[in-house]
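>
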Amino acid sequence: MSFQEQKLSNNIQPDCANCPIHNIGNLKKLGINMDDFDFVVALAGNPNTGKSTVFNYLTGLRQHTGNWPGKTVTRAEGGFEYHNKKFKIVDLPGTYSLLSTSVDEEVARDFILFGQPDVTVIVADATRLERNLNLTLQILEITDRVILCLNLIDEAQRNGITINERILAKELGIPVIPTVARSGRGIDDLLKMIYDIAIGNFKTKPIKLKSNSEELNKAIDEIVGLISVEFPNLPNKRWVALRLLEGDQSIINSILNGELGNIKI
Amino acid sequence: MSLFIYLVLIFIASILFLKRKQIVFLFKKIKNEDDKILQEDILKNIYQLQKQNTICKTETISTRLNEDKVKVQNSINKLQKLNFVNTVDEEIHLTESGKTYALKIIRFHRLYEKFLADKTNLNEKTWHKVADEIEHKLNQEDAEKIAAQIGNPVYDPHGDPIPSSSGELPEKIGISLSEMKHNEISVVLHIEDEPHNIYENIVNKGIYKGIQIRFLGIFNNEVSFYANEKLCSLSLDEANNIQVGIPKLEKIHLGEFKKLSSLSVGEKGKIIGIAKSLRGQQRRRIMDLGIVPGTIIEAELESISGDPVAYRVRGTTIALRKNQAEKIYIEKI
Amino acid sequence: MDSKSNREKIISEANRLRWELGENLYDTLMETIYNNASEIANKAVTYSDKKSPFSFDRTLDKILTSKYFGIPIMLMMLAFVFWLTIVGANYPSSILASFLIDFLHPELKNIFLSFNIPNWLVGLLIDGGYLSCAWVVSVMLPPMAIFFPLFTLLEDFGYLPRVAFNLDAIYKKAGAHGKQALTMAMGFGCNAAGIISTRIIDSPRERLIAIITNNFSLCNGRWPTQILIATVFIGSLVPAYLAGFISALAVIFIAVLGIIMSFIVSWALTKTLLKGEISAFSLELPPYRPPRILQTLYTSLIDRTIFVLWRAIVFSFPAGLVIWLISNITIDGISLANHFINFFNPVALIFGLNGVIFLAYIIAIPANELVLPTILMLTVSHLGLNDFGAGSGVLFELESIEDTAKIFQAGGWTLLTGINLMLFSLLHNPCSTTIFTIYKETKSWKWTLVSTFLPIILGLLVTFIVTKIYYLVH
Numbered sequence: 442m443s444f445q446e447q448k449l450s451n452n453i454q455p456d457c458a459n460c461p462i463h464n465i466g467n468l469k470k471l472g473i474n475m476d477d478f479d480f481v482v483a484l485a486g487n488p489n490t491g492k493s494t495v496f497n498y499l500t501g502l503r504q505h506t507g508n509w510p511g512k513t514v515t516r517a518e519g520g521f522e523y524h525n526k527k528f529k530i531v532d533l534p535g536t537y538s539l540l541s542t543s544v545d546e547e548v549a550r551d552f553i554l555f556g557q558p559d560v561t562v563i564v565a566d567a568t569r570l571e572r573n574l575n576l577t578l579q580i581l582e583i584t585d586r587v588i589l590c591l592n593l594i595d596e597a598q599r600n601g602i603t604i605n606e607r608i609l610a611k612e613l614g615i616p617v618i619p620t621v622a623r624s625g626r627g628i629d630d631l632l633k634m635i636y637d638i639a640i641g642n643f644k645t646k647p648i649k650l651k652s653n654s655e656e657l658n659k660a661i662d663e664i665v666g667l668i669s670v671e672f673p674n675l676p677n678k679r680w681v682a683l684r685l686l687e688g689d690q691s692i693i694n695s696i697l698n699g700e701l702g703n704i705k706i
Numbered sequence: 033m034s035l036f037i038y039l040v041l042i043f044i045a046s047i048l049f050l051k052r053k054q055i056v057f058l059f060k061k062i063k064n065e066d067d068k069i070l071q072e073d074i075l076k077n078i079y080q081l082q083k084q085n086t087i088c089k090t091e092t093i094s095t096r097l098n099e100d101k102v103k104v105q106n107s108i109n110k111l112q113k114l115n116f117v118n119t120v121d122e123e124i125h126l127t128e129s130g131k132t133y134a135l136k137i138i139r140f141h142r143l144y145e146k147f148l149a150d151k152t153n154l155n156e157k158t159w160h161k162v163a164d165e166i167e168h169k170l171n172q173e174d175a176e177k178i179a180a181q182i183g184n185p186v187y188d189p190h191g192d193p194i195p196s197s198s199g200e201l202p203e204k205i206g207i208s209l210s211e212m213k214h215n216e217i218s219v220v221l222h223i224e225d226e227p228h229n230i231y232e233n234i235v236n237k238g239i240y241k242g243i244q245i246r247f248l249g250i251f252n253n254e255v256s257f258y259a260n261e262k263l264c265s266l267s268l269d270e271a272n273n274i275q276v277g278i279p280k281l282e283k284i285h286l287g288e289f290k291k292l293s294s295l296s297v298g299e300k301g302k303i304i305g306i307a308k309s310l311r312g313q314q315r316r317r318i319m320d321l322g323i324v325p326g327t328i329i330e331a332e333l334e335s336i337s338g339d340p341v342a343y344r345v346r347g348t349t350i351a352l353r354k355n356q357a358e359k360i361y362i363e364k365i
Numbered sequence: 005m006d007s008k009s010n011r012e013k014i015i016s017e018a019n020r021l022r023w024e025l026g027e028n029l030y031d032t033l034m035e036t037i038y039n040n041a042s043e044i045a046n047k048a049v050t051y052s053d054k055k056s057p058f059s060f061d062r063t064l065d066k067i068l069t070s071k072y073f074g075i076p077i078m079l080m081m082l083a084f085v086f087w088l089t090i091v092g093a094n095y096p097s098s099i100l101a102s103f104l105i106d107f108l109h110p111e112l113k114n115i116f117l118s119f120n121i122p123n124w125l126v127g128l129l130i131d132g133g134y135l136s137c138a139w140v141v142s143v144m145l146p147p148m149a150i151f152f153p154l155f156t157l158l159e160d161f162g163y164l165p166r167v168a169f170n171l172d173a174i175y176k177k178a179g180a181h182g183k184q185a186l187t188m189a190m191g192f193g194c195n196a197a198g199i200i201s202t203r204i205i206d207s208p209r210e211r212l213i214a215i216i217t218n219n220f221s222l223c224n225g226r227w228p229t230q231i232l233i234a235t236v237f238i239g240s241l242v243p244a245y246l247a248g249f250i251s252a253l254a255v256i257f258i259a260v261l262g263i264i265m266s267f268i269v270s271w272a273l274t275k276t277l278l279k280g281e282i283s284a285f286s287l288e289l290p291p292y293r294p295p296r297i298l299q300t301l302y303t304s305l306i307d308r309t310i311f312v313l314w315r316a317i318v319f320s321f322p323a324g325l326v327i328w329l330i331s332n333i334t335i336d337g338i339s340l341a342n343h344f345i346n347f348f349n350p351v352a353l354i355f356g357l358n359g360v361i362f363l364a365y366i367i368a369i370p371a372n373e374l375v376l377p378t379i380l381m382l383t384v385s386h387l388g389l390n391d392f393g394a395g396s397g398v399l400f401e402l403e404s405i406e407d408t409a410k411i412f413q414a415g416g417w418t419l420l421t422g423i424n425l426m427l428f429s430l431l432h433n434p435c436s437t438t439i440f441t442i443y444k445e446t447k448s449w450k451w452t453l454v455s456t457f458l459p460i461i462l463g464l465l466v467t468f469i470v471t472k473i474y475y476l477v478h
């Protein structure tokens with residue numbers, strides 16, 4: 442299918458064919474007012490990566506950012522319009538991980554898992570890429586529609602760090618957009634990519650974690666087998682299996698009450 | 033007048049500084065729950081004795097609990113009426129419902145110990161005592177809330193498996209430390225926390241759950257071994273209270289165990305493990321920041337007083353206090 | 005039905021596997037993730053050979069945390085920030101005061117009166133509500149508008165984490181976190197802002213300690229009281245040429261006492277109330293970044309200054325109403341305020357204070373800035389002095405120190421009253437803005453109450469003891 446045709450078929454279908462209508466209920470439960478919006482974008486990232494600056498740039502709101510973790514304690518929301526589509530953007534708390542039991546991490550994780558945002562933008566600090574990839578890889582286990590926003594690229598250059606974003610994008614299987622959010626560099630590319638992923642013009646193929654531990658892989662496979670019987674359409678079975686091995690209560694609950702079955706790509 | 037006000041102020045100040053639990057305790061004492069506690073303790077003890085295949089009589093229990101025999105017999109009679117135990121030739125056995133009840137109390141106890149270990153700062157020597165009190169006060173709902181909060185643990189901090197909420201419990205894991213062979217390498221899985229004085233001796237020797245053991249042998253009733261490559265010895269009684277084995281996800285390290293705190297500025301090391309005594313949020317936060325086994329770490333900067341020290345990890349600079357760095361093991365490179 | 009048992013089977017099977025796998029799952033998982041991460045990073049990232057990355061940062065770190073320069077540099081930075089705040093705030097403060105209080109206040113009153121609005125309503129709204137808001141704005145706004153941006157600049161540059169790093173050893177002894185140094189410093193600007201800034205401490209116990217003890221940082225609103233009382237009572241003890249120096253020393257002593265108290269209370273809390281709370285230390289030293297001056301000015305004005313100021317105004321308007329009402333409602337020919345003062349007087353004397361001070365601290369709870377003008381107004385109206393002030397319920401301050409001293413003398417104030425007022429000003433409940441903020445941040449009534457009453461009790465204890473000693477000596 443050529444690009445033109447693809448666009449055409451998009452137009453023929455009802456307005457929001459590609460945006461998962463089914464998650465509106467979940468989003469409302471998470472306190473998101475979806476009345477006027479076509480797509481939801483989640484903004485995740487480590488603390489102190491310029492996440493709030495990206496948020497401000499996209500929405501025109503002003504939030505203070507600082508060299509400290511924990512600035513965005515409550516979830517901030519804003520909106521923007523691009524190519525006649527209205528986007529709601531949710532700034533998740535800055536976290537290093539999604540695996541611990543802290544409130545911030547639960548908020549971020551539940552939003553990405555149950556809220557099923559149409560696009561998740563991960564803001565990463567280019568000067569500390571390796572550490573930022575921890576969160577990135579965890580998010581890629583949960584959802585496919587992810588963009589890595591490689592922020593502070595000027596800082597990295599100043600310190601003699603060069604990141605080949607093509608290689609990075611290929612390795613991760615998701616688009617990588619270098620930005621300097623404080624000056625607005627790269628934000629246009631980011632916007633375009635958000636749009637493309639939201640309407641389905643761009644398909645991501647994120648990598649999944651590979652563990653060296655035979656025992657762990659065996660255990661995961663065993664649980665994935667059981668999950669497949671009950672929830673055959675669940676996209677992130679491996680991740681759910683891992684969470685079960687970690688004893689995550691909200692996942693256990695969502696299995697017992699069957700809510701997990703609502704999650705689709 | 034002024035003296036009165038002085039006294040009132042001191043009274044208020046002392047209430048403010050008194051632990052909340054103590055205040056609650058003052059009021060709780062009035063209610064007589066002794067009987068319920070005794071009954072639950074009896075059920076728990078019968079379960080434990082049966083697990084060891086020991087014949088269980090009223091005397092056995094009254095000595096174990098250090099309680100008056102008549103009182104214990106009374107409670108056992110009540111338990112019998114409730115169909116929790118039955119007695120054949122003075123031998124007491126748990127019924128199915130008695131076993132469920134006993135497992136529930138054990139679950140509460142171990143859950144609460146895990147909760148204390150992960151979510152509070154209480155000294156590990158007091159966990160058992162506190163949990164012994166709380167296990168009788170928790171109800172199912174609160175216990176499940178606690179479990180959810182700490183990630184539904186399956187092991188307590190001493191390495192005992194926690195019965196699941198439906199009463200499942202795995203068979204005994206591991207062998208006793210004294211049963212190891214010369215030069216065999218294993219990992220401490222469980223330290224029995226009763227009797228308390230023996231437990232305390234073990235803890236004081238620096239043995240903790242997760243420490244790697246290389247066994248030497250038994251000489252004159254002294255059990256000798258290397259714990260994280262540090263020479264150590266215990267009495268037979270103490271060693272019998274320690275179970276060892278190799279869990280599936282354990283990595284055995286051959287070679288010396290250096291502490292991260294031993295690095296001086298400019299030196300590098302590779303992390304081989306983090307002691308299990310670094311627990312809960314503390315442990316997770318450190319790992320989230322990239323301090324995980326296999327990481328290259330370099331001491332970069334000392335603060336004015338020499339503690340904390342900032343380390344270079346995966347392109348970031350993380351400051352750790354000395355008492356944290358002492359619990360991270362490295363090999364020098 | 006079948007589906008339900010299937011689901012339960014998933015859970016119980018996972019449980020069984022967890023027993024088998026042991027407790028290293030999280031470790032293994034993190035190791036896996038980071039192994040993947042470093043593999044990817046190694047492919048995508050190249051470092052230039054010319055210079056090692058962050059060489060500038062490392063050099064700067066070596067200087068800022070060195071044994072010889074670390075502390076002096078820090079003290080100089082802080083001294084500079086405070087000096088700029090105090091000196092720089094004087095001019096805009098007096099301009100604001102002369103506009104909002106001297107000019108706008110009578111004008112507003114005239115305008116309202118010209119609309120035939122009843123006298124009492126004008127008094128209540130303008131003399132009461134408006135005036136106390138005007139007071140808070142003119143005293144509070146300028147120092148905050150200077151202090152917060154400066155602090156934010158240091159923060160954005162990345163210097164503050166180094167301060168926390170350097171001072172952590174001291175705070176560790178008190179069971180606290182090095183970052184408390186920063187929240188305390190912020191508290192010197194405003195306790196409410198200081199408490200919000202404790203978000204940077206991600207360990208629950210240390211954060212609570214920082215919240216509860218933040219009130220011991222002598223905030224902006226309390227400095228004017230300290231300075232005036234020190235000048236009137238302490239400065240007058242020594243020859244004129246020393247007066248300025250000695251009274252400044254007295255104020256500094258109070259501020260240092262506050263810092264010492266915060267350490268003692270932190271330590272005591274970890275041994276008692278917070279004994280069981282979890283503690284987790286982590287401190288990342290982020291790379292230095294060139295600060296963006298304009299944006300910082302803008303955001304810190306919006307986020308911190310206006311935010312805090314707004315909360316203060318919201319609270320001080322009703323306080324102004326109350327102040328005006330209790331001064332103007334009379335029972336048996338005596339105003340409510342005077343009834344209260346007479347009632348409080350005997351108790352207050354035990355603490356070397358007086359009923360006016362007690363009442364002022366109760367009704368001026370919305371903002372410490374209001375305490376001094378309230379005391380002056382209450383004293384004047386209590387004594388029925390007609391030479392001073394602008395009528396009952398109308399806040400005022402005097403240009404001349406001598407005149408102020410005269411009012412205090414007439415009110416029966418002694419050196420003891422002065423000393424104890426300075427101590428009580430340090431050790432009393434946080435202002436209502438701060439209390440509200442504590443509740444918002446902790447979401448716990450228990451900790452809000454502890455942070456509110458602990459300092460009062462300490463304050464009463466200290467003033468009580470000082471009074472005893474004072475009478476022993478005299």
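Protein chains in written order, with my numbering: chain A, 442 to 706; chain B, 33 to 365; chain C, 5 to 478. The C-beta atom is built at its ideal place from N, Cα and C for all residues, glycine as well.
Using beta carbons (cut-off 9 Å, strictly below), is Arg11 (chain C) in contact with chain A?
Taking the first residue of the third sequence as 1, we reach residue 11 (chain C) at position 7. Cβ-Cβ to chain A under 9 Å: yes for Arg11 (chain C).
> Just checking: is the beta-carbon of Lys47 (chain C) within a distance shorter than 9 Å of some beta-carbon in chain F?
The chain labelled as chain F is not found among the protein chains of the depicted structure, namely A, B and C.
> Closer than 8 Å: is that where the CB of Ser695 (chain A) sits relative to any heavy atom of the ligand SAH?
The ligand SAH is absent from the structure shown, which contains no ligands of any kind.
> For the putative contact between Ser357 (chain C) and Phe428 (chain C), defined by C-beta atoms under 8 Å, what is the C-beta separation to the nearest angstrom?
Along the third sequence, one-based indexing puts residue 357 (chain C) at 353. Along the third sequence, one-based indexing puts residue 428 (chain C) at 424. Inspection of the sequence shows that residue 357 (chain C) is occupied by Leu rather than by Ser. About 6 Å separates the two Cβ atoms, so the contact holds.
> Between B:Tyr231, B:Ser107 and B:Leu292, which has its C-alpha nearest Glu156 (chain B)'s C-alpha?
Position 124 of the second sequence holds residue 156 (chain B). Comparing Cα positions, the closest option is B:Tyr231.
> Would you please state the rounded distance, in angstroms, between the beta carbons of Thr2 (chain C) and Leu281 (chain B)? I believe it to be under 8 Å.
The first residue shown for chain C is 5 and the last is 478, placing residue 2 (chain C) beyond what the model contains.
> Which bits of chain A does Tyr38 (chain C) rub up against, with CB to CB less than 7 Å?
Your numbering for residue 38 (chain C) matches position 34 in the third sequence. The answer, in chain order, is Asn575.
> Just to confirm my understanding: we take Gln181 (chain B), look at its own chain, exclude 5 residues before and 5 after, and list those with CB closer than 8 Å. What are they?
Residue mapping note: residue 181 (chain B) aligns to position 149 of the second sequence, counting from 1. Phe147 and Lys151.
> If I measure Cβ to Cβ from His228 (chain B) and keep anything under 6 Å in the same chain, skipping five residues before and after, which residues do I get?
Residue 228 (chain B) sits at position 196 when you count from the first residue of the second sequence. Here the set comprises nothing.
> Looking at C-alpha atoms only, which residue of C:Tyr475, C:Thr89 and C:Lys8 is the closest neighbour of Phe192 (chain C)?
Your numbering for residue 192 (chain C) matches position 188 in the third sequence. Cα-wise, what sits closest to Phe192 (chain C) is C:Thr89.
> What runs of the beta strand (DSSP E), each 3 residues or longer, lie entirely inside the stretch 565-601 of chain A?
List check, beta strand (DSSP E) in window: 587-592.
> Is it the case that the stretch 613-627 of chain A contacts the stretch 591-602 of chain A, given that we only count it when at least three CB pairs across the two stretches are under 8 Å?
Yes: the two stretches touch, three or more of their Cβ pairs being nearer than 8 Å.
> For Glu596 (chain A), which residues in the same chain have their Cβ closer than 6 Å to its Cβ, ignoring the five residues on either side in sequence?
Walking along the first sequence from the start, residue 596 (chain A) turns up at place 155. Cβ neighbours of Glu596 (chain A) beyond the five flanking positions: Thr568.
> From Glu288 (chain C) to Asn40 (chain C), what distance separates their C-alpha atoms?
For the purposes of this step, residue 288 (chain C) is taken as the residue at position 284 of the third sequence. For the purposes of this step, residue 40 (chain C) is taken as the residue at position 36 of the third sequence. Each residue's Cα considered, the two are about 23 Å apart.
> Residues of chain A with CB under 8 Å from Glu17 (chain C), in chain order?
Against the third sequence, residue 17 (chain C) aligns to sequence position 13. Ordered by position in chain A, the residues that pass the 8 Å Cβ test against Glu17 (chain C) are Glu663, Ile664 and Leu667.
> With a 10 Å radius around its C-beta and 16 neighbouring C-beta atoms as the bar for buried, classify Tyr72 (chain C) as buried or exposed.
Taking the third sequence and counting its residues from 1, the one referred to as residue 72 (chain C) is at position 68. It counts as exposed.
> Taking Cβ positions, are Ala214 (chain C) and Thr202 (chain C) nearer each other than 9 Å?
In the third sequence, counting from the first residue as 1, residue 214 (chain C) sits at position 210. In the third sequence, counting from the first residue as 1, residue 202 (chain C) sits at position 198. For Ala214 (chain C) and Thr202 (chain C), yes; Cβs fall inside 9 Å.
> In chain order, what residues of the same chain have a beta carbon less than 7 Å from the beta carbon of Ser455 (chain C), not counting five sequence neighbours either side?
On the third sequence, position 451 is the one that residue 455 (chain C) refers to. Excluding sequence neighbours, Ser455 (chain C) sits near Ile215, Ile216, Asn219, Pro434 and Ile442.
> Given a cut-off of 9 Å, decide if Asn487 (chain A) and Thr536 (chain A) are closer than it, judged by their beta-carbon atoms.
In the first sequence, residue 536 (chain A) corresponds to position 95, counting from 1. In the first sequence, residue 487 (chain A) corresponds to position 46, counting from 1. Yes, the Cβ-Cβ distance between Thr536 (chain A) and Asn487 (chain A) is below 9 Å.
> What number of angstroms, rounded off, separates the C-alpha of Gly26 (chain C) from the C-alpha of Pro279 (chain B)?
The residue labelled residue 26 (chain C) in the question sits at position 22 within the third sequence. The residue labelled residue 279 (chain B) in the question sits at position 247 within the second sequence. Rounded to the nearest angstrom, the two C-alpha atoms are 5 Å apart.
> Work out the CA separation of Arg346 (chain B) and Glu299 (chain B) for me, nearest whole Å.
Walking along the second sequence from the start, residue 299 (chain B) turns up at place 267. Walking along the second sequence from the start, residue 346 (chain B) turns up at place 314. Straight-line Cα distance between these residues: approximately 15 Å.
> Can you check whether the C-beta of Arg203 (chain C) is within less than 9 Å of a C-beta belonging to chain B?
The sequence position of residue 203 (chain C) within the third sequence is 199, counting from 1. Not an interface residue.
> Please return the same chain residues whose Cβ sits closer than 7 Å to the Cβ of Lys237 (chain B), not counting the five positions on each side in sequence.
For the purposes of this step, residue 237 (chain B) is taken as the residue at position 205 of the second sequence. Result list for Lys237 (chain B): Cys264 and Leu266, in chain order.
> Taking Cβ-Cβ distances shorter than 7 Å, what residues in chain A pair up with Leu281 (chain B)?
The residue labelled residue 281 (chain B) in the question sits at position 249 within the second sequence. Chain A residues near Leu281 (chain B): Ser654, Glu656 and Leu657.
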